[in-house]
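Protein chains: 2
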Amino acid sequence: MQDPATALTLPDPLPLDSGAELSPVTIAYQQYGALSPGRDNVVLICHALTGDQYVASPHPGTGKPGWWDRMVGPGRPIDTNRFHVICTNVIGGCMGSTGPASESGDGKPYGPRFPVVTIHDMARGIARLLDALGIERLHAVVGGSMGGMQAMAFASDFPDRVERVLVLASAARQSAQNIAFHEVGRQAIMADANWNGGDYYGGAHPDAGLAVARMAAHITYLSEAGLTEKFGRQLQARPDGSEGTKSFGFEADFQVESYLRYQGSGFTRRFDANSYLYITRAIDYFDLAEKHGGRLADAFANTTARFCVVSFDTDWLYTTAESQHLVRALNAAGAPVSFVELSSPFGHDGFLLETPGLDEVVQGFVG
Amino acid sequence: MQDPATALTLPDPLPLDSGAELSPVTIAYQQYGALSPGRDNVVLICHALTGDQYVASPHPGTGKPGWWDRMVGPGRPIDTNRFHVICTNVIGGCMGSTGPASESGDGKPYGPRFPVVTIHDMARGIARLLDALGIERLHAVVGGSMGGMQAMAFASDFPDRVERVLVLASAARQSAQNIAFHEVGRQAIMADANWNGGDYYGGAHPDAGLAVARMAAHITYLSEAGLTEKFGRQLQARPDGSEGTKSFGFEADFQVESYLRYQGSGFTRRFDANSYLYITRAIDYFDLAEKHGGRLADAFANTTARFCVVSFDTDWLYTTAESQHLVRALNAAGAPVSFVELSSPFGHDGFLLETPGLDEVVQGFVG
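So the sequence lines, in the order shown, correspond to chains A and B. In short: position in the first sequence from 1, add 22, done, that's our numbering. In short: position in the second sequence from 1, add 22, done, that's our numbering.
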């Protein structure tokens, strides 16, 4: 049961891009900082593929700090002494918002009967949540990676409802290579004998497949140079603490193997495999220009917002070139936009970590 | 039963880097072109991870042309009117050389009891094969990717036995990122319920896991730009030929998804999952400097060969930087070496495809 203070069930069914409707729709969210009397200090933060609404407070499952704790809080770049921060769990997710593990009308989990949702559907859900909360217009919407896609979709679909749009390490469309990596992850999940066509909630979950999916994705979040610097070809110390040697077997001899296995298995304890399928699908379907005859600039034709686009030089998942493609479209649309490429060794994860200049850019823009 | 004309069982057990011995050892190979009376016109070609000995003749399983048919043959850059070409299947492989699917002493397949072999073990096996064939010295050894690793190991371990070493799209050590991608593939295979700890030869094979491994690896063989140019976000035409639309499901909507699935499933029909585990392990263990106190130049201290190193500008698996690292070591060792970076849209696969300048470089160097 979701804490009613941090989840809201929308009063109406939510129409989806597929033509289907989702009902009921619960959206789980977290709030930080006081809402101003004029309700005009709201900063909406949208999470990435495997993120959640716990942006600045401990994850209830793992107990780990919020995923952007260093960015959001009192006196932080997104200052909760000034702003009322809302972070929503996406539709299709598994942290309280309606998703494939939720009960459908017949009292059983949706499983594979859950409808495929899009980034635009997620944005529409957010708009309905804001309606219900009595928030007409956002001071800012902020997101990295898939969070940036939601921010762009929200600004495009609800152009009067946001003043500032901050997009980090993202793209206005998913590339062929990124679709390919997602498809590997999906196939890994579907190859797991426990997946059972998506109907697994009564039994063992497809954790082995989900772990493989996470491992493959995790490599794409890091940079080659970062991996070399952090792990190189170093061998894992033995359980007794002695220096690592090659096992001439299939143990995790190399530190990078051990690290990846840890990432994979840890992920399965906090994420639902079906949510992974649905959310990667939503990302792959994302092409903001599509509803506008392929002209990305037209997606921003009616916007009144200012934009800030941030890329990271070692990010090969959502490259600087993709950010520049977005910036050119915003320029063509006549929207005020600033762009910065930050230098970081962390690859795509640069937006989550201590990248020089990042705090200043975020604080300066959200302001 | 392997055709005795194209496989040879070594007279002695083969000592392995692990300390184990492999016995008996059969090495399957193909030959093209006549051996000169002086036995001095032999070009040895070493295959990559998923390659085989059918370099210039149809694969007996798939019927497809040899994997380097365009490079090897009468009048081709490696001219079988002049050279006697030998291509061996690696130990640990599944095309006739002794590997995990081979019968062990008790008449049952090795499965997981097969010893972990290294690139140096493969080179040692090749040297023993050449002994048995009465070939003392090679005109050239040629290899791309893992084939290049075998070529380097052969030149380093048997410095008097080769005159020319041609290394394409390879590296003197496996990087952390590449180990990571291999580990994803191994975990995908081991996660398959049919893998059964490697003892699966009497039943269903872990094809789903092997397909996922292949899909993940295949992405690393291509370039991001090549994938975008070839597939972009194009949707797959429907079976009835009509234009593709989003299924709002988990079909292969995008052409790149369909392509990857095809690559994955096709691979399982010609490759053994355990061989994939063992050969990726051999590659991950490869660090030519390791036996020489970490000084790569010392690996070539006694060589009498000339070297040619070729990289491909869009290859992000074995980068130009790694080739340059090798070239610097050869320079430091005083070995004659030429280096060229070729421009190709094909990523790592550039060495297998029609890359401008490649034929000229190979023909010019092999002579």
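Each residue gets a CB set at the ideal place from its N, CA and C atoms; glycine is no exception.
Residue i (DSSP reduced to helix, strand or coil)
i      : result
A:L339 : coil
B:M23  : With a pLDDT of only 38 at B:M23, under the threshold of 50, the placement of this residue in the model should not be trusted; the figure read from the coordinates follows. It is coil, neither helix nor strand.
B:D101 : strand
A:A173 : helix
A:F293 : coil
A:Q52  : strand
B:T31  : strand
B:R183 : coil
B:R328 : strand
A:E43  : strand
A:P134 : helix
A:M237 : helix
B:D371 : helix
Cα-Cα separation, residue i to residue j
i      : j      : result
B:N296 : B:P122 : 6 Å
A:I201 : B:I157 : 49 Å
A:R236 : A:V206 : 10 Å
A:V384 : A:S167 : 15 Å
B:M23  : B:A50  : Low confidence applies here, because B:M23 scores a pLDDT of 38, under 50, leaving its location unreliable; read the following figure in that light. B:M23 and B:A50: Cα-Cα distance of roughly 11 Å.
A:I241 : B:R98  : 40 Å
B:F253 : A:E246 : 25 Å
B:W338 : A:G231 : 26 Å
A:E279 : A:G372 : 22 Å
A:V349 : A:G315 : 18 Å
B:G9   : A:W217 : One cannot answer for residue 9 of chain B here, as it falls past the ends of chain B, which runs 23 to 389.
B:A213 : A:Y300 : 22 Å
A:R283 : A:G356 : 47 Å
B:P37  : B:L44  : 6 Å
B:T102 : B:V359 : 25 Å
A:C109 : A:A154 : 15 Å
B:L374 : B:G95  : 15 Å
A:S264 : B:L71  : 32 Å
A:R104 : A:V164 : 16 Å
A:H161 : A:Q53  : 15 Å
A:G118 : A:E382 : 33 Å
B:V107 : B:Y76  : 11 Å
Residues that residue i contacts on chain A, provided the C-beta gap is smaller than 9 Å
i      : result
B:T250 : S197, A198 and Q199
B:Y307 : K268, F270 and D275
B:F203 : A238 and I241
Sheet register partners of residue i (DSSP bridge)
i      : result
A:R350 : Answer is none; A:R350 lacks a bridge partner.
B:G95  : B:D101
A:F308 : Answer is none; A:F308 lacks a bridge partner.
B:A162 : B:V65
B:T110 : B:Y51 and B:C68
A:R195 : A:D309
A:V362 : A:V332
A:F276 : A:L257
B:V189 : B:G165 and B:V331
B:L36  : B:L44
A:E125 : A:P131
Per-residue contacts from residue i into chain B (C-beta, under 9 Å)
i      : result
A:R146 : Residues of chain B passing the Cβ test: none, with the nearest at roughly 15 Å.
A:V331 : Within chain B, no residue comes near A:V331; the closest Cβ sits about 20 Å away, beyond 9 Å.
A:G254 : S197 and A198
A:V278 : A198, Q199, I201, A202 and E205
Outcome for residue i when other beta-carbon atoms lying within 10 angstroms are tallied against a minimum of 16
i      : result
A:D229 : buried
B:T336 : buried
A:P137 : buried
B:D275 : buried
B:G73  : buried
B:Q256 : exposed
A:I113 : buried
B:N324 : exposed
Contact list for residue i against chain B, beta-carbon separation under 7 Å
i      : result
A:A215 : A215
A:A210 : A210 and V234
A:M168 : Within chain B, no residue comes near A:M168; the closest Cβ sits about 16 Å away, beyond 7 Å.
Listed by chain order, chain A residues near residue i by CB distance under 8 Å
i      : result
B:L299 : F272
B:S192 : Those within 8 Å of B:S192 in chain A number zero; the least Cβ separation is about 16 Å.
Residues that residue i contacts on chain B, provided the C-beta gap is smaller than 8 Å
i      : result
A:G288 : Residues of chain B passing the Cβ test: none, with the nearest at roughly 14 Å.
Amino acids of chain A, ordered along the chain, whose beta-carbon sits closer than 7 Å to that of residue i
i      : result
B:S365 : Per Cβ cutoff of 7 Å: no residues; B:S365 is ~19 Å from chain A at best.
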